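Numbering (our numbering), first residue to last: 932 to 1127. Below is one structure, written out as C-alpha cells, with a few remarks after it.
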C-alpha cells in the first residue's frame, strides 16, 4: 500500500527534529543583542494527552524525572482546549539547562510512542520594558515562530491581541539561526500559555 499512498500524495508525517531545540541558546544571544529580549527561565511543552494508564504513568515519570536530583519543579496544567502543558522554571541565565529539560520531556514522550501527540514547545523571553515573546517550536513542521501577546486592555471583554511588529522583528533577528516557519498562517496564538 505504500506505493498507493505515494501515488495519492499521502506520506508519513515528518518526524520532529527535537535536537533543533539546542539551537535556542545561541539564537537567544543574537536575540538579546538585536532586541534586548532576554530569557525568562520559563519553558513549556504542550501535548495532547492520551487516555489510559500507560500515558498517565509516562506523564508521572517525566514529571518525577525533572523534579528529581535538584532539578526544576515542573507544573502540569490543562488549557481550555484540553491540551496538557508541562511548565519548567530555571534561572534565566541557565537557558541551556532549560532546553535540555524540554528536550528530555519531548524525547520521553516520543520514545514511548506518543510523538504524534506532541504539539509545541516554547521558551519565553522578556524585555526591560515588559514586552514578552515566546519562541515556539512546532513539532509537526520542524520550525520555530515568535509569538508576542500584548497585555490585556483596560476595557473588559477586549479580545486578546498580539504584537505583530515585535514578532516580525524577532523573525528578522534570528532568521539566520533558527528554521523559521515561512507560513504566517501557522504562527498560532497561544493565549494564556504557561510561561507567557
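All C-beta atoms in this analysis are idealised placements derived from N, C-alpha and C, irrespective of residue type, glycine included. None of the values given here were measured: they were computed from a predicted structure.
Asked	Found
Other residues of its chain near residue 962: CB distance less than 6 Å, five sequence neighbours each side excluded	968, 1104, 1105
Validate contact between the region 1055–1066 and the region 1014–1022 using beta carbons, cut 8 Å, 3 pairs	no
Proximity of residue 1079 and residue 1064 at Cβ, strictly below 8 Å	yes
Short Cβ contact (8 Å threshold) for residue 974 with residue 1054	yes
As assigned by DSSP and simplified to three states, the class of residue 1022	coil
Per-residue DSSP class, three states only, for residue 1107	coil
Limits of the unbroken alpha helix (DSSP H) element including residue 965	955–966
Span of the beta strand (DSSP E) around residue 979	969–979
Spatial neighbours of residue 1085 in its chain, beta-carbon cut-off 7 Å, leaving aside the 5 residues before and after	Any answer about residue 1085 is weak, because its pLDDT of 48 lies below 50 and its placement is not dependable; what the coordinates show is given next. Closer than 7 Å at Cβ, skipping near neighbours: no residue.
Start and end residues, beta strand (DSSP E) containing residue 1077	1074–1078
Contact check, residue 1052 vs residue 972, beta carbons under 8 Å	no
Rounded C-alpha distance that separates residue 1117 from residue 1095	14 Å
Under the three-state DSSP convention, the category residue 1011 falls into	coil
Residue 1066, enclosing beta strand (DSSP E) - first and last residue	1063–1069
Three-state secondary structure (DSSP) of residue 1043	helix
Nearest-angstrom Cα separation, counted from residue 1112 out to residue 1122	19 Å
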